[in-house]
Amino acid sequence: MKTLKLLSILFIATLASCSSVRVNADYDKKATFTNYKTYAYLKSGIDKAEISDLDKKRILYSIEEVMATKGFTKSENPDVLISIFTKERERVDIYQNYGFGWGWNPWWGMGHTNVTTTPEGTLFIDIIDAKTKELVWQGEGSGYLTKNTDKKDARIKEFVSKILEQYPPK
């Protein structure tokens, strides 16, 4: 019974850790972020992102939503340029179960190993000073990805909003 409770707790903890987006940000300490009020996208950076055009649109729409809530406006003559970069990898989890006894699984009487793979992605959002063309802020978010089209919009919004929570730096 104790083993069952322990496995349940581990399973819930694993699910919880998979669903979150881990974020980090870094910035130029000499930049004056209060001067930045307008933005545009750096087309050359957006074009290089190795994801589908539909996912790019989802990311850009989410960025526009978050930037609007922060008081920024899109402009032809921007203060900052926004670019994105993505990475994807397979996360491999190995669970080992040792034990003997009666059970309802095909591994009755011995331990077994279960291997699962989950696609995990990282989204970088770069903010570049439009005049100096220097990177002034970079946010990074990592977490599991979904192939389910119905859930993609929400997952991408979660990535973008969690990353941009840290912009501008305080």
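For reference, each letter of the sequence shown is one residue, going -25 to -1, 1 to 145 in mature numbering (1 follows the signal peptide of the UniProt record, and there is no 0).
We put the CB at the ideal spot given by N, CA and C, even for glycine.
Rounded to a whole number of angstroms, what is the C-alpha to C-alpha distance between residue i and residue j?
| i | j | result |
| --- | --- | --- |
| D125 | E133 | 14 Å |
| E109 | P143 | 16 Å |
| A6 | E51 | 22 Å |
| A(-1) | Q113 | 6 Å |
| A105 | T88 | 53 Å |
| Y16 | G116 | 19 Å |
| Y14 | T44 | 13 Å |
| Y2 | Q71 | 42 Å |
| S136 | I69 | 31 Å |
| K145 | T9 | 10 Å |
| D101 | T61 | 11 Å |
| A24 | L98 | 10 Å |
| A129 | K4 | 32 Å |
| M42 | E63 | 25 Å |
| K49 | L56 | 10 Å |
| K127 | L120 | 8 Å |
| E40 | E140 | 12 Å |
| V(-3) | V111 | 17 Å |
| K32 | F47 | 19 Å |
| K18 | T107 | 17 Å |
| I103 | D22 | 16 Å |
Per DSSP, which residues does residue i bridge with? Please list them.
| i | result |
| --- | --- |
| K108 | None, per the DSSP bridge assignment. |
| S19 | Answer is none; S19 lacks a bridge partner. |
| T88 | Q71 |
| Q113 | D1 and D101 |
| K119 | The amino acid occupying residue 119 in the given sequence is Tyr; Lys does not appear at that position. DSSP output for Y119 lists E95 as bridge partner(s). |
| T13 | T48 |
If I'm right that residue i touches residue j with Cβ under 8 Å, what's the distance once you round it to whole angstroms?
| i | j | result |
| --- | --- | --- |
| G20 | I59 | 7 Å |
| I34 | I131 | 6 Å |
| K12 | D54 | 6 Å |
| G118 | S(-6) | 6 Å |
Within 10 angstroms of its Cβ, does residue i collect 16 or more other Cβ (buried), or is it exposed?
| i | result |
| --- | --- |
| S27 | exposed |
| L29 | exposed |
Answer yes or no: the CB of residue i versus the heavy atoms of the ligand FMN, is any distance below 7 Å?
| i | result |
| --- | --- |
| Y11 | The ligand FMN is absent from the structure shown, which contains no ligand whatsoever. |
- Can you give, in chain order, each stretch of the beta strand (DSSP E) that sits fully within the segment 21 to 72 and has at least 3 residues? 55 to 72
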